[in-house]
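2 protein chains.
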Amino acid sequence: MSTIKDVARVAGVSIATVSRVANNGPKVGDKTRTRVLKVMADIGYTPNANARALVTQKSSTIGVVIPDLTDPFFASLANGVDQIARQHNMQLLLSTGLISAESELQAINVLIERRCDVIVLHSKKIANDDLLKLADKVPGLVLIDRYIEQISHRCIWLDNEEGGRIAARHLMSLEHRDVACISSKYQIDDPLMRLQGFSDELNSANLTIDDELIEYGEPNLQGGEIATQKILAKGKPFSAIFVYNDAMAIGAISTLEDNGFKVPSDISVIGFDDVLLSRYSRPKLTTLHYPIEKMAKKAAFLALQLSNKNVDIDSSSEYKYIPQLVKRESTVFKS
Amino acid sequence: MSTIKDVARVAGVSIATVSRVANNGPKVGDKTRTRVLKVMADIGYTPNANARALVTQKSSTIGVVIPDLTDPFFASLANGVDQIARQHNMQLLLSTGLISAESELQAINVLIERRCDVIVLHSKKIANDDLLKLADKVPGLVLIDRYIEQISHRCIWLDNEEGGRIAARHLMSLEHRDVACISSKYQIDDPLMRLQGFSDELNSANLTIDDELIEYGEPNLQGGEIATQKILAKGKPFSAIFVYNDAMAIGAISTLEDNGFKVPSDISVIGFDDVLLSRYSRPKLTTLHYPIEKMAKKAAFLALQLSNKNVDIDSSSEYKYIPQLVKRESTVFKS
DNA sequence: GTGAAAGCGCTAACAC
DNA sequence: GTGTTAGCGCTTTCAC
Chain B
1 MSTIKDVARV
11 AGVSIATVSR
21 VANNGPKVGD
31 KTRTRVLKVM
41 ADIGYTPNAN
51 ARALVTQKSS
61 TIGVVIPDLT
71 DPFFASLANG
81 VDQIARQHNM
91 QLLLSTGLIS
101 AESELQAINV
111 LIERRCDVIV
121 LHSKKIANDD
131 LLKLADKVPG
141 LVLIDRYIEQ
151 ISHRCIWLDN
161 EEGGRIAARH
171 LMSLEHRDVA
181 CISSKYQIDD
191 PLMRLQGFSD
201 ELNSANLTID
211 DELIEYGEPN
221 LQGGEIATQK
231 ILAKGKPFSA
241 IFVYNDAMAI
251 GAISTLEDNG
261 FKVPSDISVI
271 GFDDVLLSRY
281 SRPKLTTLHY
291 PIEKMAKKAA
301 FLALQLSNKN
311 VDIDSSSEYK
321 YIPQLVKRES
331 TVFKS
Chain R
1 MSTIKDVARV
11 AGVSIATVSR
21 VANNGPKVGD
31 KTRTRVLKVM
41 ADIGYTPNAN
51 ARALVTQKSS
61 TIGVVIPDLT
71 DPFFASLANG
81 VDQIARQHNM
91 QLLLSTGLIS
101 AESELQAINV
111 LIERRCDVIV
121 LHSKKIANDD
131 LLKLADKVPG
141 LVLIDRYIEQ
151 ISHRCIWLDN
161 EEGGRIAARH
171 LMSLEHRDVA
181 CISSKYQIDD
191 PLMRLQGFSD
201 ELNSANLTID
211 DELIEYGEPN
221 LQGGEIATQK
231 ILAKGKPFSA
241 IFVYNDAMAI
251 GAISTLEDNG
261 FKVPSDISVI
271 GFDDVLLSRY
281 SRPKLTTLHY
291 PIEKMAKKAA
301 FLALQLSNKN
311 VDIDSSSEYK
321 YIPQLVKRES
331 TVFKS
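Protein chains in written order, with the UniProt record's numbering: chain B, 1 to 335; chain R, 1 to 335.
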């Protein structure tokens with residue numbers, strides 16, 4: 001591939017001039033500029049971003065770490081960051097971290113090797129201490145969907161506990177008293193907090209969840225199916241289920257109906273996340289809206305600011321989002 | 001951020017030695033190696049991938065151009081490429097192209113600037129000639145979801161026309177004679193070919209589609225809703241609809257039911273793509289399976305081979321995929 | 001086994 | 001307005 005030197009040679013100018021033209025720099029004669037531009041087009045010159053990054057010390061790429069792309073929730077996250085990247089003429093470098101601490105660490109490391117100025121990190125497995133070190137190393141690093149007190153001004157997170165409470169209040173307002181729960185088998189913060197909030201709110205109304213009516217599974221459609229089967233197998237009565245996320249909730253509904261239970265008339269189901277799917281499932285899913293795209297944009301924007309030494313940040317800020325109840329068709333008054 | 005020089009200085013060796021250690025190179029004394037490794041860890045050294053790419057002339061990143069991430073179809077595409085990237089210890093650089101030729105061109109250009117060795121390009125708008133030039137410039141470039149004769153061995157594509165034919169045969173086998181079509185308003189190859197095949201097959205059975213029963217819309221849920229409303233407004237009878245993709249089909253079903261038509265008992269609906277959603281919609285969608293993830297993997301793998309000068313490729317190969325009919329619940333015998 | 005040095009393609013002073 | 005030059009951080013001969 002042709003380089004700046006080739007252009008310079010053919011156009012009969014120095015490489016400095018070519019560089020100026022390429023960067024729309026000042027002080028270049030009009031005839032020179034047009035001539036250089038023509039040569040560039042002729043020989044198909046494309047500047048080498050790696051070389052440029054090396055000398056300018058900035059790569060103009062935004063790095064994102066997410067577990068995987070097929071989950072619509074994470075796709076939305078990446079999409080939010082991408083939108084901010086476009087606005088700033090930056091590129092998205094995507095690193096999938098899957099679910100182990102090791103692979104998350106490796107994913108983030110790749111981004112640092114590439115000298116991403118700006119990184120939005122969704123990490124569930126890396127220990128706080130390691131995250132603190134990373135944050136220290138990369139000024140433009142922001143955590144999404146996680147909260148660490150020492151770097152609270154660099155965390156964009158959702159109040160999962162409050163989400164659990166809202167779900168509980170909603171179900172109680174519909175007079176459900178015997179509720180089951182389906183949670184994620186990955187014992188990370190989110191499921192724990194959601195369950196905690198849910199349980200607390202029930203308790204404060206003198207209700208409790210029967211431990212046997214709590215099941216755990218993979219946080220996807222199939223996980224919801226299996227967990228529901230297990231709960232059903234116990235043979236204990238319940239009139240509503242609080243499910244960890246929408247995918248599991250839809251899996252749960254499918255299983256319930258296969259077993260002769262009508263949703264919502266026999267059993268109400270409430271999900272979490274409000275992914276697109278939840279608006280088009282039958283019955284349409286009542287769920288808690290998780291404004292992930294908005295949060296991702298905020299995260300990218302914040303990371304951009306942090307990476308810019310000229311802007312100073314109030315390190316006491318907090319970026320906590322509250323999930324919103326979206327009432328649709330899968331929950332009704334207890335019959 | 002610390003550099004190779006810092007490591008060299010602290011460890012009391014030359015940068016060449018550090019480089020050897022960093023790359024697991026040969027001929028380094030054991031004590032030296034451990035000492036250098038320790039220093040690296042101590043000062044938190046992370047090699048600069050840009051500098052490395054500059055000298056080695058390879059970036060070990062796979063570039064992908066897709067319109068956007070939120071469409072599950074494209075997310076699957078990106079995911080397929082990502083899996084191959086992981087296998088080869090490469091990174092995914094994602095460039096979203098949206099829908100204009102200009103933005104697609106710009107998206108691919110960013111990838112070339114970054115000197116991606118390997119590029120999987122989903123382009124609908126760029127003219128054949130321009131694509132040919134790009135392919136010439138970047139040996140590791142592969143087109144997905146598009147066919148250009150001159151570079152047929154670098155195209156991974158689906159036989160959309162055959163898909164249309166299969167859909168037509170399926171509907172005819174269920175004795176539908178009056179069929180409507182919903183197509184994409186973006187008059188690119190896919191919708192045109194699908195409609196063509198569909199129409200041809202009907203014709204060969206002496207059936208025709210009433211032009212008034214063909215409507216065009218955005219290829220998403222809402223587009224399907226609007227197109228269906230328009231068709232309904234014509235007041236012409238029909239017993240089945242062939243829809244451009246699953247999202248539109250689900251939108252169509254929702255609108256049909258809102259207007260008092262039962263799917264499939266009153267009207268059968270067949271979609272295209274077989275995205276995850278189609279398995280969980282009610283009724284479950286009959287559709288044509290588009291093996292996009294498999295094709296994306298193939299594309300990435302092929303691009304990888306192409307980028308490697310040591311492997312030579314049979315330039316007469318073709319990579320045509322045939323969609324498969326997936327019968328679910330949204331189509332039945334005409335009543 | 002280790003080091004010195006050249007150079008990848010580019011930008012950014014600094015001269016003229 | 002244009003050219004010369006010194007690196008950016010790294011790999012890779014080529015000596016020793």
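Ideal Cβ placement from N, Cα and C applies to all residues, glycine included.
For a cutoff of 9 Å on Cβ pairs, would you count residue i as touching chain R?
i	result
residue 172 of chain B	no
residue 193 of chain B	no
residue 317 of chain B	no
residue 128 of chain B	no
residue 280 of chain B	yes
residue 79 of chain B	yes
residue 300 of chain B	no
residue 3 of chain B	no
residue 167 of chain B	no
residue 96 of chain B	yes
residue 294 of chain B	no
residue 72 of chain B	yes
residue 223 of chain B	no
Comparing alpha-carbon positions, which option in the options lies nearest residue i?
i	options	result
residue 118 of chain R	R:192, R:65 and R:147	R:65
residue 246 of chain R	R:236, R:232, R:270 and R:226	R:270
residue 304 of chain B	B:194, B:286, B:248 and B:58	B:58
residue 318 of chain B	B:330, B:328 and B:298	B:298
residue 315 of chain B	B:154, B:227 and B:39	B:154
residue 215 of chain R	R:48, R:221, R:227 and R:223	R:227
residue 201 of chain R	R:279, R:191, R:219 and R:165	R:165
residue 125 of chain B	B:106, B:114, B:141 and B:111	B:106
residue 98 of chain R	R:267, R:122, R:206 and R:260	R:122
residue 160 of chain B	B:210, B:272 and B:11	B:272
residue 239 of chain R	R:157, R:141, R:209 and R:136	R:209
residue 308 of chain R	R:12, R:116 and R:133	R:116
residue 311 of chain B	B:17, B:114, B:139 and B:18	B:139
residue 211 of chain R	R:230, R:250 and R:128	R:230
residue 60 of chain R	B:111, B:100 and B:168	B:111
residue 158 of chain B	B:302, B:288, B:301 and B:2	B:288
residue 279 of chain R	B:250, B:257 and B:306	B:250
Nearest chain B C-beta to residue i closer than 9 Å, yes or no?
i	result
residue 113 of chain R	yes
residue 254 of chain R	yes
residue 59 of chain R	yes
residue 47 of chain R	yes
residue 273 of chain R	no
residue 76 of chain R	yes
residue 245 of chain R	no
residue 68 of chain R	yes
residue 229 of chain R	no
residue 10 of chain R	no
residue 135 of chain R	no
residue 44 of chain R	yes
Would you list the one or two residues that DSSP bridges to residue i?
i	result
residue 273 of chain B	B:289
residue 156 of chain R	R:144 and R:319
residue 326 of chain B	B:287
residue 267 of chain B	DSSP, once it has assigned bridges, lists no residue as partnering residue 267 of chain B.
residue 120 of chain R	R:64 and R:142
Segment contact, 8 Å Cβ cut-off, at least three pairs: the stretch 87-105 of chain R with the stretch 16-34 of chain R: no
Quick check: the stretch 167-181 of chain R against the stretch 236-256 of chain R, are at least 3 beta-carbon pairs closer than 8 Å? yes
Give, in chain order, every unbroken run of the alpha helix (DSSP H) that is at least 4 residues long and sits entirely within the stretch 158-245 of chain B. 160-173, 189-203 and 221-234
For the stretch 283-297 of chain B against the stretch 67-85 of chain B, do three or more pairs of beta-carbon atoms, one drawn from each stretch, fall closer than 8 Å, so that the two count as touching? yes
With a floor of 3 residues, list each beta strand (DSSP E) that falls wholly inside the stretch 45-114 of chain R, ordered by position along the chain. 61-66 and 91-96
The stretch 281-288 of chain B touching the stretch 69-76 of chain B, judged by at least three CB pairs closer than 8 Å: no
Should the stretch 227-236 of chain B be regarded as contacting the stretch 169-177 of chain B, the criterion being three or more beta carbon pairs within less than 8 Å? no
Is there contact here, the stretch 145-162 of chain R with the stretch 93-108 of chain R, by at least three beta-carbon pairs under 8 Å? no
Evaluate the contact criterion for the stretch 33-48 of chain R versus the stretch 187-197 of chain R: three or more CB pairs, one atom per stretch, below 8 Å. no
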